[in-house]
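In the working numbering, the protein residues as written are 13 to 316. Positions of the beta carbon are idealized from the N, C-alpha and C atoms, including for glycine. Below: one structure, written as structure tokens.
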């Protein structure tokens, strides 16, 4: 059995006769008849009832026709995928993003990527802090999105993307929530538990923004927010992530006095932190990676 026989089989069913199928395929009618006969021999099944003027599918032929349609669609998908590879699409693309909390703004761009490259295999990873840099340097990620580091690695190129605002938040049950109408002092924050994001290394980036002497570490902003919602501490959370919780009262936003703000290592809380697009120097991107890079650099605030 071969694909040519299946195509002939499908053409006969679609056109209703051997002669019409021959015209559709540009072949002699005898070649079509012989192709169907050989297919029936190979399958050891009669596909058509030929007792009337026009061939009619047998019960077995009906079922096998359905299977032949599936095979034809799979062949078309195979050819389409091969064509994408021919024009330069990579076999897979790995995008590493600092925390899944970026998905609210990133997901629409990934939807566009899926429309542009429907056959692309995408790996979406959510490493944190220094883990993100490590994945790029080890060649385990093609592109990465992370916050501007305090000490940029020399072997990674970067481009500004969005400026992401952070807010100081606590649960309504937290002691600091009672002072939501007045700016919080640095010594007040130092005396309360702070919830901070951590990676799996022991790099300096995770100390960024630390105020308290007592810290609980959580792997990801969503985990941090969950602990804050339980009243277990305060945290600086990305505003897009906690917007709904602030609106429905599940979280309370606090303001800082100037001396508290200047005590934060690596930048002022509440002010935007710069997100960047990263690529290891010398890394060659395929067609999908090039498209994604250019699309990200079109974001408001991105600099090409």
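Go ahead and pull the three-state DSSP assignment for residue i.
i           : result
residue 145 : helix
residue 29  : coil
residue 158 : strand
residue 263 : coil
residue 181 : strand
residue 169 : strand
residue 307 : helix
residue 223 : coil
residue 255 : helix
residue 35  : helix
residue 19  : helix
residue 302 : helix
residue 297 : coil
residue 13  : coil
residue 41  : helix
residue 291 : strand
residue 164 : coil
residue 187 : helix
residue 24  : helix
Could you say which of the options lies nearest to residue i if we only look at CA atoms?
i           : options               : result
residue 244 : 256, 263 and 258      : 263
residue 214 : 171, 172 and 146      : 146
residue 115 : 292, 257, 126 and 138 : 138
residue 106 : 117, 83 and 155       : 155
residue 268 : 298, 235, 180 and 207 : 180
residue 56  : 76, 284, 184 and 45   : 76
residue 317 : 48, 230, 29 and 34    : Examination of residue 317 is not possible in this model, given that the chain is present from 13 through 316 alone.
residue 232 : 82, 151, 301 and 113  : 113
residue 97  : 258, 130 and 186      : 130
residue 162 : 216, 150, 101 and 93  : 216
residue 110 : 136, 86 and 309       : 136
residue 202 : 78, 221, 190 and 103  : 221
residue 188 : 240, 144, 234 and 178 : 240
residue 69  : 24, 312 and 102       : 24
residue 311 : 152, 260 and 171      : 171
residue 20  : 29, 44, 31 and 32     : 44
residue 66  : 93, 85, 33 and 46     : 33
residue 12  : 85, 93, 229 and 199   : Since the first and last residues shown for the chain are 13 and 316, residue 12 lies out of range.
residue 295 : 152, 92, 127 and 85   : 152
Is the CB-CB distance between residue i and residue j below 7 Å?
i           : j           : result
residue 60  : residue 73  : yes
residue 287 : residue 176 : yes
residue 27  : residue 39  : no
residue 89  : residue 22  : no
residue 118 : residue 290 : no
residue 211 : residue 293 : no
residue 254 : residue 226 : no
residue 125 : residue 309 : no
residue 166 : residue 207 : no
residue 101 : residue 299 : yes
residue 8   : residue 192 : Residue coverage of the chain in this structure runs from 13 to 316, which leaves residue 8 outside it and unanswerable.
residue 108 : residue 144 : yes
residue 41  : residue 31  : yes
residue 121 : residue 307 : yes
residue 174 : residue 313 : yes
residue 52  : residue 58  : yes
residue 104 : residue 133 : yes
residue 159 : residue 258 : no
Give the DSSP bridge partners of residue i, in chain order.
i           : result
residue 60  : 69
residue 236 : DSSP lists no partner for residue 236.
residue 328 : It is not possible to answer for residue 328, since the shown part of the chain is limited to 13 through 316.
residue 175 : 286
residue 230 : 209
residue 51  : Looking at the DSSP assignment, residue 51 forms no beta bridge with any residue, so it has no partner.
residue 203 : None; residue 203 has no bridge partner.
residue 268 : 196
Would you say residue i faces chain D, with C-beta separation under 7 Å as the test?
i           : result
residue 120 : This model lacks chain D altogether; it includes just one protein chain.
I want to check one thing, is the minimum distance from the CB of residue i to the heavy atoms of the ligand FMN below 6 Å?
i           : result
residue 119 : As far as ligands go, the structure on display features none, and thus does not contain the ligand FMN.
- What beta strand (DSSP E) runs, 3 residues minimum, are completely inside the segment 64 to 140? Counting whole runs of 3 or more residues, the segment 64 to 140 contains the beta strand (DSSP E) stretches 104 to 109 and 133 to 137.
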